[in-house]
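Only one structure is covered here, and it is reproduced in the block below.
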Amino acid sequence: MPLPRLAVSALALLAAEPALAQEAPVRAVTLFEAGLAEITRETGAAREITLSVPLRDVNDILKSLLVRGRGIEGARLALDGATPVEDAFASLPFPPAAATNLEMLLETVPGLRLRVSDRAYPQGQEGTLMGFMEDCDDQGCETVLSLLGDDGVVTFHPLTGDYRIAILDPEIVAALGQGLRALRSEASGTVREIAVEIEGEAVADGAISYVIAAPAWKTSYRALTGEGGTVDLQAWAVIENATGEPWDDVALTLSSGSPRTLTADLHGRDWRYRETVETDEAVAFEPVTVVEPEAPRASLGMGADVAESFAAPAPAPVTASAAQEEGVLDSRFRFPDPVDLAAGEMASLPFLTGSLDARHLSLYEGRLQTRTGNPDLVLEVTNDLDVRLPAGIMTVSDEAGGYVGDADFPLVGPGETRAVPFGLDRSLRVEETVGFASRRTSVRAAEGVLRVTVEDVRDATYAVTSPGGEAHGLVIDHPLTPDWTATVVEGPKGIERQDEAGRRFLRATLTVPAQGAARLVVRDVHPYEQVLVLGDLPEDELLVWAAEASDAATRAYLEEAAALMRAASRSRDALDDAERAHADLADEQARVRQNLGAVPSPSEAHDRYLADLLAIEDRLAAATDVRAARREDLATAQAALAAHLGEG
């Protein structure tokens, strides 16, 4: 049966609570497109600050916290580990559940010094807890506490009504307070308290800063087009306060860039493996003598030299101007006025306004394929600022007609120009046709090598009409292919340009007259050389190339090569005939010799076969001479061909 609801006196718990840390208000916030936030807090002359931070930010704070100010000689952080309840109760004489359950506490820690009192007996009875039991009768059950008094008398105290139990053991009271604080911290769930202690004799103008994860800020642009191609541009930042606390009079800075961001589990425990060494029981160990070191233990603080090198100078005052700054890794935009934003709220704030060097135009990008389409409506923006313009979404409006379209605005560096399409110009129609041809421009041969120069020719024609019958201007970007040469055959001459991705194109501006059309024809030429080894070509192909030779010397050289190749081929055929004739005679000789051995000697058949064999041997000797001559002829023809082809 659980104990009745009682009041427990433990005034020492209050003394164990730390004093409240001085408030460190947020004074500056820098939001990064990379999904980070740098928080700067004002600490002034405070020596101790307690931060209540989400558990998700603990690793980032341990990684990045900086202390700045005048007179700072050292600093340190203190916080609960990753398992504060487990750590706290590891050295306490009772489990976590006993800290919130009196019955379990009394069972777990026998021999407690207690004082039991009620309204009728306010001075109470002190003694040592022996235990408690349930006393039941017909009226029900009640819990009876037994105490051993200092005089040895055991008293029994029914715990009914308004009883009070005071724990008189200071060690248990302190342990109970420690355990309850750990449970309170654990009950906060995802919040941790980090104590920042600052050392120094005359600390002033103190500030701490750290970098934590935060929602990436986003950019949205508003572009207003006017007459003459002018564009008024506004850049707005969409921000969110996800730090869990309000921003009051905060100096806000936006960072546009892509720094390398890393995270590390600095708060978690890293247990390393250790090899187990088996103890040799047969070895007797000498007693260990402990020698105290002569030098005192090093202080957790910092020496004067180290502290001086560690402590950063006091931060410069936050400027209130609308300045932009271009860094090595990012561009920064500082708002001129402080910002107020409640925790969890979002805001959209303009951070750039004014007229940029921009124009709106109709742009058709060629694709080197036959097709029909409309040009894009494009804003061509030149960044004449000293900072990069971050990427974002853009809404384009016209002074006369209102909303026109949306665009995907790219990252634009200082001095760079980008074309941003936001719609189709249906007032113009472009027919793109592409024709391809290949032609030989040179056929030359020497030293056994045929060199053929070929040109691939590609004609791209852009025929532009205005279905509405109105005059328009159009910019055409004709893509340039590496190793190809582009020439405008018809239409205005273009200018070679290159975009941010390194793609090259020829830009030409056409004027489409009312009730008329305009044309641009660009010829791309790609010359290249084919190299052929004459010895690998057949005779008839040599004669074909000779007919296309660029000069008489090449023609004569190829015709002579064909003639020598023909002579060598004929010598090869003659040698093949001689080889076959010699082989036939050798086969006949073997047959007659076999027949000669099969008939008796002397006999008429034997005499006949013998005469045939002698005649075949004479013919075979003559065939051998012919074969040798044909081999010599072939060698001579091949040598002549090789000499002509320069293969000797």
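Numbered per mature numbering (1 follows the signal peptide of the UniProt record, and there is no 0), the sequence shown spans residues -21 to -1, 1 to 627.
For each residue, glycine too, the CB sits at the ideal point set by N, CA and C.
Note that the coordinates shown come from a computational prediction; the quantities given were computed from them, not determined experimentally.
Residue environment, residue i, which counts as buried when at least 16 other CB atoms sit within 10 Å
i	result
W215	buried
L126	buried
G60	exposed
P369	buried
V582	One detail in the question is off: residue 582 reads as Ser in this sequence, not Val. So S582 ends up on the exposed side.
D114	exposed
A416	exposed
T22	buried
R313	buried
L499	buried
D355	buried
G371	buried
L593	exposed
D597	exposed
E254	exposed
T268	Low local confidence applies: a pLDDT of 47 at T268 is under 50, so the model's placement there is unreliable, and no value is given.
L613	buried
L34	exposed
G323	exposed
Helix, strand or coil at residue i [DSSP, three-state]
i	result
L347	coil
P492	coil
V428	strand
W226	strand
K197	strand
L624	helix
F68	helix
D129	coil
R367	coil
D184	strand
Y252	coil
H561	helix
Q213	strand
E257	coil
Y142	coil
H585	helix
residue 643	Outside the displayed range of the chain (-21 to 627) lies residue 643, so it cannot be described from this structure.
Y536	helix
Whole-angstrom distance between residue j and residue i, CA atom to CA atom
i	j	result
L403	N353	6 Å
T615	E426	19 Å
E219	G392	26 Å
D591	A560	17 Å
G223	V5	12 Å
G447	S406	6 Å
G345	P461	16 Å
E176	E52	11 Å
R248	Q104	48 Å
S310	E172	34 Å
A277	G50	Low confidence applies to A277: its pLDDT is 37, below 50, so where it sits in the model is not reliable, and the reading given next is rough at best. C-alpha separation (whole angstroms): 22 Å.
F111	R94	14 Å
Y588	A601	20 Å
D456	S235	31 Å
V190	R350	53 Å
A293	G156	Here the model assigns A293 a pLDDT of 41, short of 50, so the residue's position is not dependable and the matter cannot be decided.
residue 710	L320	The structure shown has nothing for residue 710, since the chain only spans -21 to 627.
T444	A386	26 Å
R55	I187	12 Å
V32	P329	30 Å
A622	L543	10 Å
M325	H246	30 Å
CA nearest to the CA of residue i, picked from the options
i	options	result
G381	R47, G205, E475 and G158	G205
M373	L364, L340, D363 and G384	G384
L516	A424, Q477 and A618	A424
A531	S550, G131 and S421	S421
E121	L599, G128, L71 and H136	H136
E65	I28, R570 and L159	L159
A553	A496, R606, A535 and V571	R606
L340	F401, L162 and L390	F401
E434	E469, Q509 and F388	Q509
A608	R570, D555 and R572	D555
### Meets three-Cβ-pair contact criterion under 8 Å: the stretch 430 to 448 and the stretch 496 to 514
yes
### Task
Specify whether the stretch 41 to 50 and the stretch 221 to 239 touch according to this definition: at least 3 beta carbon pairs, one from each stretch, less than 8 Å apart.
no
### Task
Specify whether the stretch 180 to 199 and the stretch 62 to 79 touch according to this definition: at least 3 beta carbon pairs, one from each stretch, less than 8 Å apart.
In short, these stretches do not touch, since the Cβ pair count stays below three.
### Task
Evaluate contact between the stretch 359 to 369 and the stretch 166 to 185, counting only Cβ atoms and requiring at least three cross-stretch pairs below 8 Å.
As far as the Cβ criterion goes, the stretch 359 to 369 does not touch the stretch 166 to 185, which means the pair count is below three.
### Query
Using 8 Å as the threshold, is the stretch 134 to 146 in touch with the stretch 80 to 99, meaning 3 or more CB pairs across them?
yes
### Task
Inspect the CB distances between the stretch 485 to 500 and the stretch 514 to 531 and report whether three or more fall short of 8 Å.
no
### Query
On the three-pair Cβ rule with 8 Å, is the stretch 463 to 477 touching the stretch 524 to 533?
no
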